[in-house]
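Data first, discussion second: the structure below is written as structure tokens.
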Amino acid sequence: MSIDTNHIVIIGAGLAGSLLACYLARDGYRVSVYERRSDPRRAGYVGGRSINLALSARGIAGLAGAGLDQLVMRDEAIRMPGRMIHPVTNTSPVYLAYSHDSNDAINSVSRGGLNVALLNAASNYSNISFHFDHTCLDVDIDGPAATFSTMNGTVRVEASLILAADGAFSPVRGRLQKTDRFEYSQTYLQHGYKELHIPATAAGEYAMEPHALHIWPRGGSMMIALPNRDKSFTCTLFWPFKGEHSFENLQTREQVQAFFTAQYGDATAIMPTLAEDYQRNPTSSLVTVRCWPWQHAGKVCILGDAAHAIVPFYGQGMNAAFEDCLALASCLREYKHDRVAALQHFEKLRKPNADAIADMALANFVEMRDKVGQPAFLYRKKVEHTIHAAFPTMVTPQYNLVSFSTVPYAEALRRGRELDGVLDRLVAHVPASLLKSDEAAWHQRLLREAEPLLREVVAGKQSERAIIDVSPALTQKIGVWPGDTPMSREIVCDMKRGDNITLSALRATVHLGSHADGPNHYGRDGVSVGEMDLRHYVGPCHVIDVNAAPGARMMPADLQTPISSIVHPRVLIRTQTYSDANNFTTDFAALSPELVDALADRGVITIGVDAPSVDLFTDKQLIAHNAILRRGLAILEGLVLRDVAAGEYELIAAPLKLMGFDGSPVRAMLRPMI
């Protein structure tokens, strides 16, 4: 019996499994999702972990790739642009914005509410089926097939691919651990956590500021609170399991009340069910999981917590899992006929970033627990925010890179360490006492000290940054638009023939390989390519993945990066629908006028694509070109973006100054942003 190559099994119907099912269904796969729990939409959400989740840019990008970002942000999220620090002295809490940019925020979401929303979204696809109350007993990793225990006995399910989003204690990973040379580690913090509750006030309002992540840092212990849409807060106490001050030694109602009154006095006053919640709710562990490899023979692959469970102190567990979904769907799309290559590319792409966020989450635990209430920490953050605001192109704090961008985690870790070195020197040379006595003088001195340090870092990185060539090789084999003049070379002089130089003449369409269109190519009164402002072709840009079907037009919802997160005026769109520059094909994806308008409204001045045209091959009306002409944008076509990860780059792709011409080849290149 042959296996249906279009059938994929997902084990785990949590956040990552439900979102991944949507991605795969959109790409035409038949998806079967198996989950050990009962359907939470009927049984009520029962999760092993109830900590509210912080949805940030990466998670939003993951949702956007499946067209779900607006739904979730509208129905599930509460915006939090900063932390509210509650001192032990019961003095007024201190608000710390996450960024100098008021648009930067993380978002509080309920794990259960979000899970139900994603299940509902997935259930709208006719090619997704859910199977609840199915506990995975074993996986035949070479079949592949999975065996499940149900109320009616055991069942064996075959598929062409098994994807496991089954959590930190994944049975599928447990099966992979039995294979030769599989690397695995799990480490626990000495701290555990317990969920507590702050209800709405008698008037039905929030008892504290809702648009902030509340933190009570106390050294050995810490409590946080995130807002819910019903005007309550979900609180989480982090404390050692054992020791003099620990969960172990806090048992009776009287002990609980006394401890919280002493340590969290302002919170205790608004927690009427504190003692009951403390005694009723379980104390849970905090684990970090690392393993390798994540896949076996192109037939089984793990993702999310199953591959890289992390502690929650950077608020990135869900966001990293959603990035996994986006990346895995993209790899399966790119290597459609080679599952081994697809899964190998996925694990190599994600593993370094998973390790990086695991390290950053552990480090952030120490910061949140011990440092956020200390004057030295607050001063360091003041310095960081000030130089970020003054030098935004040279300074981006690690937290901003992690939470408000899609810069790879490993890159965020590296850049954060670089900035730490700069901050160490600034804090040592510009004393906090000056800030207290004369803030204007402090500000002036800080910027004077910071600028040469930052330029030194930038100069060093400029020399180290790799240049990524995104132009195809131009040979006589290069594909051209049907009817255009193909490339040919006339050898006028040749040293091999005895001439004193070699001299060639080139004949070809100007729309050759990677090229810039001049507006006079598609607009009667458009200027030539030689008259275009070079700012269109040089400067910061985004490379953005898109859910693009061959021969279809891309809409704003198809972008895997939300348009609201675009900050650079140049956007290169990786459609992956035109893979071979030497073989001209006609089923590439194209822009829609709606997408052009949405990007232009965001301030974009240049759109580049990895296809021969921004319009469909069959479109004689050139509706995308005309939308671009109407909005005054520039066009780059024929870029080679296959091996370029989505992210922020410096673009260098200037056309020749060909006056009167309707286009020009470009040698397009990218450099990762510092």
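Counting in the numbering used here, the final residue of the sequence shown is number 674, and the numbers go up one at a time with none missing. For glycine and all other residues, C-beta sits at the position ideal for the given N, C-alpha and C. The structure displayed is predicted, hence computed values, not measured ones.
Confirm, please, whether the CB-CB distance from residue j to residue i is below 8 Å.
i: cysteine 22; j: glutamate 183; result: no
i: valine 157; j: alanine 145; result: yes
i: valine 94; j: isoleucine 85; result: yes
i: alanine 57; j: serine 565; result: yes
i: histidine 568; j: glutamate 648; result: yes
i: leucine 591; j: valine 614; result: yes
i: serine 488; j: alanine 668; result: no
i: glycine 373; j: asparagine 90; result: no
i: valine 31; j: asparagine 152; result: no
i: histidine 83; j: leucine 213; result: It is arginine, not histidine, that sits at residue 83 in the sequence shown. Against a cut-off of 8 Å, the Cβ pair of leucine 213 and arginine 83 comes out as a contact.
i: valine 366; j: leucine 189; result: no
i: proline 593; j: arginine 570; result: no
i: histidine 100; j: histidine 385; result: yes
i: serine 664; j: leucine 670; result: no
i: isoleucine 3; j: serine 110; result: no
i: histidine 515; j: valine 609; result: no
Could you give the distance in angstroms between the alpha-carbon of residue i and the alpha-carbon of residue j?
i: valine 510; j: alanine 25; result: 40 Å
i: tyrosine 314; j: alanine 354; result: 13 Å
i: leucine 237; j: alanine 356; result: 25 Å
i: methionine 495; j: threonine 475; result: 21 Å
i: aspartate 420; j: methionine 271; result: 38 Å
i: alanine 203; j: histidine 625; result: 56 Å
i: arginine 339; j: glycine 298; result: 5 Å
i: isoleucine 402; j: alanine 412; result: The amino acid at residue 402 is misidentified as isoleucine; the sequence shows valine. If you take the alpha carbons of valine 402 and alanine 412, they lie about 6 Å apart.
i: serine 528; j: leucine 503; result: 28 Å
i: arginine 369; j: arginine 414; result: 23 Å
i: leucine 595; j: leucine 616; result: 14 Å
i: glutamine 263; j: glycine 603; result: 49 Å
i: glycine 143; j: leucine 332; result: 19 Å
i: glycine 47; j: glycine 112; result: Low confidence applies here, because glycine 47 scores a pLDDT of 48, under 50, leaving its location unreliable; read the following figure in that light. Cα to Cα, glycine 47 sits roughly 7 Å from glycine 112.
i: histidine 521; j: threonine 396; result: 40 Å
i: aspartate 305; j: alanine 321; result: 7 Å
i: isoleucine 628; j: glycine 523; result: 10 Å
i: glutamine 251; j: glutamine 279; result: 8 Å
i: leucine 137; j: threonine 147; result: 6 Å
i: glutamate 248; j: proline 562; result: 46 Å
i: asparagine 6; j: glutamate 451; result: 56 Å
i: valine 256; j: alanine 341; result: 55 Å
i: aspartate 643; j: aspartate 601; result: 29 Å
i: aspartate 27; j: histidine 296; result: 22 Å
i: aspartate 180; j: isoleucine 607; result: 47 Å
i: alanine 581; j: glycine 62; result: 29 Å
i: glutamine 344; j: serine 437; result: 58 Å
i: aspartate 484; j: alanine 508; result: 8 Å
What does a CB cutoff of less than 6 Å around residue i pick up in its chain, not counting 5 residues either side in sequence?
i: histidine 308; result: Ala354
i: arginine 49; result: For arginine 49, the predicted structure reports a pLDDT of 43, less than 50, and the residue's modelled location is therefore unreliable. A value from the coordinates is still provided. Excluding positions up to five away in sequence, the list is empty.
i: phenylalanine 233; result: Ile198, Ala225, Pro227
i: asparagine 686; result: An answer regarding residue 686 cannot be provided, because it is not within the stretch 1 to 674 covered by the chain.
i: alanine 358; result: Thr288, Ile310
Could you spell out the range, first to last residue, of the alpha helix (DSSP H) harbouring residue i?
i: arginine 74; result: 69-75
i: aspartate 601; result: 593-601
i: aspartate 305; result: 305-308
Taking the continuous beta strand (DSSP E) assigned at residue i, which residues delimit it?
i: proline 431; result: From DSSP, proline 431 is part of no beta strand (DSSP E); its letter is neither H nor E.
i: proline 217; result: 213-218
i: threonine 606; result: 606-609
i: leucine 53; result: 53-55
i: lysine 194; result: 183-198
i: isoleucine 8; result: 7-11
Compare the C-alpha of residue i against each of the options and name the closest.
i: arginine 553; options: Val538, Pro540, Ile563, Thr575; result: Thr575
i: leucine 19; options: Arg417, Ala327, Arg42; result: Ala327
i: glycine 737; options: Asn400, Arg425, Phe404, Thr406; result: As displayed, the chain neither begins before 1 nor continues past 674, which places residue 737 out of reach and without an answer.
i: alanine 611; options: Ile501, Asp587, Ser221; result: Asp587
i: leucine 636; options: Ile302, Ala548, Leu343, Met532; result: Met532
i: threonine 154; options: Thr135, Thr485, Val407, Leu658; result: Thr135
i: valine 289; options: Cys301, Gly167, Ala363; result: Gly167
i: alanine 645; options: Asp517, Pro482, Phe584, Lys348; result: Lys348
To which residues of the same chain is residue i closer than 8 Å at the C-beta, ignoring the five residues directly before and after it?
i: arginine 445; result: Val430, Leu434
i: valine 492; result: Leu503, Ser504, Ala505
i: asparagine 120; result: Arg41
i: lysine 371; result: Pro217, Phe377
8 Å is my cut-off, CB to CB: does residue i come that close to chain B?
i: alanine 258; result: Absent from the structure: chain B. Only one protein chain is present.
Looking only at its own chain, which residues have a Cβ that is under 7 Å from the Cβ of residue i, when we skip the five neighbours before and after it?
i: arginine 380; result: Leu423, Val427
i: alanine 390; result: Leu447
i: leucine 559; result: Ala64, Ile544, Val546
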